[in-house]
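Trainee: Residue numbers for the sequence shown follow our numbering, so the first one is 21 and each next one is one higher. Ideal placement from N, C-alpha and C gives every residue a C-beta, glycine not left out. These figures come from a predicted structure and were not determined experimentally.
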Amino acid sequence: MIAQFTIKNFRSILDMTLDFRFTEGKAPNGYKNWATLPFIEDAAGHRLVPCLAIFGANASGKTNIIKAFQMLGNVVTGKDTPATVHFEPNKLHDGQDTTMFELTTILGGDVFVYRLEYNGVEIRQETLTKNAAPLYAINGQKGDFTFAIRAEGYSNERLQSILDVECSDGKGHQTACFLNRVARNYAGLNADLKQMFDAFNNYLVVLGNYALDLSDALDLLSPFYNGDRKAALDAIVAIVRRLDIDIRSIALDHRVVAITEESLSNVKGRVHRILPDRRKIEVVDIRSVHNNAQGEPVEFDFIAEESMGTQRVASLVGLMLACLKGGRTLFVDELENSLHPLLLKELIRMFKDKSYNQSGAQLVFTTHNTDILDNSVLRLGEVAIVRKTLAGGTLVRRLVDFKEDGLDVRNVTNFRKQYLDGFYSGIPYPAI
């Protein structure tokens, strides 16, 4: 579970901390008997919000928050390195030559803080603490490794050698995360490092502003059904039908075809992956079934004949179910794309519903849809308002933080009207 995320000098963001802690004060009266979650809580008593909706005007920097999570995850898991990513500091302010991310997570009741600072060439600083006690600190490729992560045969010198050899480009630059190399290549060395890396690798799911593939969502969901993809599809369809989308069933088949100009033109939008030999592709055929006027089943080509909204709902439901069952944190840019406002509300409620969210899952998303500011959907700590200034870059405040200014903001307040009236800022002031 994510407790805080700090971003410095990344795109429009100069210095921002996104807070996921439940800070409304004491728990609401009778909350244990509610069907919805006012917060998610672990055995150690850490209380965090299950949802965070990020509002703001166009070009205020909402998407950059999602991109920051994605960038950190890619660098830590090894999908990118500082040498391969496009270093994107704030272009309107000089004087900062690095980007810094700091992620605070709650894992097994313990508080881990991972910090990464890099530029377009190297990682300048990498640190990890557990319950405020340092596990390691690397500055300019010089490591300080505490006794807690040393093991027999792995002295401070040996760990420094791993850093120099496996995390370096050979020119004195750290280009790979120490956390990545130790967790992957020396998994038995330290359980804390492995746990933190697994959090990045398995528990943070980022969906940018692009099409979601139902097959990819199914890959994440089917392990919770012992690999039974049909059972996973049936679970998706059951929820899709409850959302008042008239689909009787969905079937999915995989086939392999040789890569030719003709085959590529025929499978547009259906390519699942390119096979290792680079000569063949795995193609996914998805069929949906509806009842006709006589009540008889009729097959449809899911990709060609179903609407974008139906495709997105089915894919989102699969992805959300996987995150809910696995206790993952899901980040989605512009969640409302192709969705009716009432469907959007129901998808958000899945993360607040005790019957669905039993593993501490979280949903973080950007949106312009103010219908969900109805106080029956989100609480004070679950709404963040983003605005951008030249002096401060992209700034963020949750509604609960406005209480610090003496404003009377409560969970019975009409958030939507006040937001559109400019009470919290974070809206455009157009004049055409």
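List the endpoints of the continuous beta strand (DSSP E) containing L34.
Mentor: Looking at the DSSP string, the run of the beta strand (DSSP E) that includes L34 is I33 to D39.
Trainee: Which of the three DSSP states is assigned to A251 in this structure?
Mentor: A251 falls in the helix class under three-state DSSP.
Trainee: Return helix, strand or coil for D391, following the three-state DSSP convention.
Mentor: Correct three-state label for D391: helix.
Trainee: Can you tell me which of Q180, R201 and T56 puts its alpha carbon nearest to the alpha carbon of G192?
Mentor: The residue with the shortest Cα to Cα distance from G192 is Q180.
Trainee: How would you write the range of the beta strand (DSSP E) that P154 sits in, first residue to last?
Mentor: Residues A153 to N159.
Trainee: Taking 9 Å as the cut-off, decide whether the C-beta atoms of E325 and S308 are in contact.
Mentor: Yes. Within cutoff.
Trainee: Identify the continuous alpha helix (DSSP H) that holds A411 and give its terminal residues.
Mentor: Looking at the DSSP string, A411 is not in any alpha helix (DSSP H), and its letter there is neither H nor E.
Trainee: Can you name, in chain order, every residue of its own chain whose Cβ lies under 6 Å from the Cβ of D305, other than the five neighbours on each side?
Mentor: If we look at D305 and ignore the five residues flanking it on each side, its Cβ neighbours are D273.
Trainee: What does the alpha-carbon distance come out to for the pair A23 and E122?
Mentor: Near 11 Å, if we compare the C-alpha coordinates of E122 and A23.
Trainee: Could you spell out where the beta strand (DSSP E) holding M370 opens and where it closes?
Mentor: Counting along the chain, M370 falls outside any beta strand (DSSP E), though it belongs to the alpha helix (DSSP H) covering P361 to K372.
Trainee: Give me, in chain order, the residues of the same chain whose beta-carbon lies closer than 6 Å to that of G329; leave out the 5 immediate sequence neighbours on both sides.
Mentor: Excluding sequence neighbours, G329 sits near S358.
Trainee: On the CB-based measure, 16 or more other CB atoms within 10 Å of its CB, does E316 come out buried or exposed?
Mentor: With fewer than 16 other Cβ atoms within 10 Å, it is exposed.
Trainee: Mind checking N49: buried by the 16 CB within 10 Å criterion, or exposed?
Mentor: N49 should be labelled exposed.
Trainee: Taking 8 Å as the threshold, find out whether the region 331-346 comes into contact with the region 204-212 through three or more Cβ pairs.
Mentor: Short answer: they don't touch.
Trainee: Between L72 and Q382, is the Cβ-Cβ spacing less than 9 Å?
Mentor: Yes. Within cutoff.
Trainee: Distance check for R417 and G45, CA to CA, integer angstroms please.
Mentor: Cα-Cα distance, rounded: 17 Å.
Trainee: State the DSSP-derived secondary structure class of A168, mapped to helix, strand or coil.
Mentor: In this structure, A168 counts as helix in the three-state DSSP scheme.
Trainee: How would you label A64, buried or exposed, when you count the other beta carbons within 10 angstroms and need 16 or more for buried?
Mentor: With fewer than 16 Cβ atoms within 10 Å of its Cβ, A64 is classed as exposed.
Trainee: Can you give the beta carbon distance from K28 to M120, rounded, assuming they're within the 8 Å contact cut?
Mentor: Confirmed, about 4 Å.
Trainee: Who are the Cβ neighbours of H310 in its own chain at under 7 Å, not counting the five residues just before and after it?
Mentor: For H310, where only same-chain residues beyond five positions count, the Cβ hits under 7 Å are D266, I267, R268, V318 and F320.
Trainee: Excluding sequence positions up to five away, which residues of its chain have a Cβ less than 7 Å from the Cβ of T43?
Mentor: Around T43: G401 and V420.
Trainee: Should V384 be labelled buried (16 or more other beta-carbon atoms within 10 Å of its own) or exposed?
Mentor: Under this definition V384 is a buried residue.
Trainee: Between the region 74-89 and the region 361-381, are three or more C-beta pairs nearer than 8 Å?
Mentor: The region 74-89, when compared against the region 361-381, does not touch it at the 8 Å Cβ threshold.
Trainee: Indicate whether the contact test is met: 3 or more Cβ pairs, each with one atom in the region 133-148 and one in the region 101-108, closer than 8 Å.
Mentor: Verdict: yes, contact present.
Trainee: Give me the Cβ distance between V303 and R290, rounded to the nearest whole Å; I'm assuming they're in contact under 8 Å.
Mentor: The Cβ separation is near 5 Å, so the contact holds.
Trainee: With DSSP run on the structure shown, which of helix, strand or coil describes R144?
Mentor: R144: strand per DSSP, three-state reduction.
Trainee: So is A342 buried or exposed if we call it buried at 16+ other beta carbons inside 10 Å?
Mentor: Under this definition A342 is a buried residue.
Trainee: Looking only at C-alpha atoms, which of I259, V260 and A237 sits nearest to R249?
Mentor: Measuring from the Cα of R249, the nearest candidate turns out to be A237.
Trainee: Just grab the DSSP bridge partners of A271 for me.
Mentor: According to DSSP, which records beta bridges pairwise, A271 is partnered with R307.
Trainee: Taking only the alpha-carbon atoms, compute the straight-line gap between F107 and N139 and give it to the nearest angstrom.
Mentor: F107 and N139: Cα-Cα distance of roughly 6 Å.
Trainee: Once DSSP output is grouped into helix, strand and coil, what is the label at D441?
Mentor: Correct three-state label for D441: coil.
Trainee: Whether or not the region 124-136 and the region 213-225 are in contact is what I'm after, with contact meaning three or more pairs of Cβ atoms, one per stretch, closer than 8 Å; do they touch?
Mentor: Yes: at least three Cβ pairs fall under 8 Å.
Trainee: Considering only the beta carbon of each residue, do D164 and N151 sit closer than 9 Å?
Mentor: No, Cβ-Cβ distance for D164 and N151 is not below 9 Å.
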